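Let me begin by presenting the structure, written as C-alpha cells, before commenting on it.
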Amino acid sequence: MKSIFGITAGVLVVLLAVSCSQAPKPKSQPVVKPVYHAYLTLLTGQMTGKPGWPQLQPADFTLPADSDVVLTITSYGDDSAMVSAPYDKVMGTKDGQELVNGQAVSSVPLKQIAHTFSIDALKLNLPIPAVQHHKGPVVPVVVVAEFHTPVSGTQTWQCYAACGTGKSGWEGSMVTDGFMTGKVTFSNR
Numbered sequence: 000m001k002s003i004f005g006i007t008a009g010v011l012v013v014l015l016a017v018s019c020s021q022a023p024k025p026k027s028q029p030v031v032k033p034v035y036h037a038y039l040t041l042l043t044g045q046m047t048g049k050p051g052w053p054q055l056q057p058a059d060f061t062l063p064a065d066s067d068v069v070l071t072i073t074s075y076g077d078d079s080a081m082v083s084a085p086y087d088k089v090m091g092t093k094d095g096q097e098l099v100n101g102q103a104v105s106s107v108p109l110k111q112i113a114h115t116f117s118i119d120a121l122k123l124n125l126p127i128p129a130v131q132h133h134k135g136p137v138v139p140v141v142v143v144a145e146f147h148t149p150v151s152g153t154q155t156w157q158c159y160a161a162c163g164t165g166k167s168g169w170e171g172s173m174v175t176d177g178f179m180t181g182k183v184t185f186s187n188r
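Positions 0 to 188 (numbering that gives the first Met the number 0) are the ones given, in order, by the sequence shown.
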C-alpha cells in the first residue's frame with residue numbers, strides 16, 4: 000500500500016510539474032497607436048481684411064508621421080467656386096468619406112464646393128461645401144476626415160476650387176503660400 004501511495008504521489012508531482020512548466024503564455028497585445036487630431040480654419044478674405052483672399056489657418060503645419068489623423072476643417076467660405084472633377088470626390092480617407100456637418104458623404108456637388116483641401120502626393124482630396132446663406136450669424140461648415148500619414152517628408156497642399164482673384168480665380172491667394180496653398184510636414188520629432 001505504501002508503494003502504491005508513493006507511486007501515486009510521485010505521478011501527481013510529475014504531472015503538476017509538467018502542467019506548470021507548460022502553462023499557456025499570455026498573448027502579446029498589439030500596439031495601438033493613438034489617433035491624432037488636427038484642426039484648421041478656413042477664413043474669408045473679408046474676415047482677414049484682404050477681400051478676395053481666402054485663407055486656411057494654419058497654412059503650414061506638422062502632423063505625426065505614420066499615424067492615423069482626424070482632420071477637422073471649420074470653413075466660413077461663403078461662395079462656391081469653379082472646380083473640376085475629380086475634386087468633387089472624397090479621396091484618400093480611411094473609408095472614402097468625410098463628414099460634412101456630421102453627415103457622411105463621398106462627394107459634394109460641384110456647384111456647392113467653396114474650397115478643397117488636397118495633397119496630391121497622398122491622393123487626398125476633401126471637398127468643402129460653401130456656407131449656406133441665411134439671416135443671422137454665419138454658421139460654418141465643418142468637414143471631418145480620417146487618413147493615414149506617410150512615414151516622413153513635407154508635402155504641398157492646395158485648394159483646387161478657383162477661389163482666388165483674377166478672371167480665372169487662380170491668382171492671388173491660390174498661388175500664395177500661406178493662403179490657399181501651404182506645406183504639411185510629417186514628422187515624429
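Cβ atoms here follow ideal geometry from the backbone N, Cα and C, with glycine treated the same way. What you are looking at is a predicted structure, and each value in this text was computed from that prediction instead of being measured.
Closest by C-alpha distance to residue 113, out of 123, 55, 135 and 177, is 55.
Residue burial annotation: residue 160 is buried, with at least 16 other C-beta atoms found within 10 angstroms of its C-beta.
Taking C-beta atoms as the reference points, residue 151 and residue 186 count as a pair closer than 9 Å.
If only complete runs of 3 or more residues are kept, the stretch 84 to 138 shows the beta strand (DSSP E) at 97 to 99, 102 to 104, 112 to 118 and 123 to 128, in order along the chain. In the DSSP secondary-structure assignment, residue 80 is not bridged to any residue.
When secondary structure is reduced to three states using DSSP, residue 172 falls in the helix class. Short of 8 Å from the beta carbon of residue 177, and not among the five residues preceding or following it, lie these beta carbons of its own chain, in chain order: 54, 58 and 59. Only buried fits residue 183, as 16 or more other CB atoms lie within 10 angstroms of its CB.
Contact between the stretch 161 to 180 and the stretch 132 to 152 is absent: fewer than three C-beta pairs spanning the two stretches fall below 8 Å. Within its own chain, the residues whose Cβ lies closer than 6 Å to the Cβ of residue 71, once the five positions on either side in sequence are excluded, are 38 and 143, listed in chain order. Between residue 75 and the set 90, 42 and 99, the nearest pair of CA atoms involves 42. Look at residue 155 here: in three-state DSSP terms it is strand.
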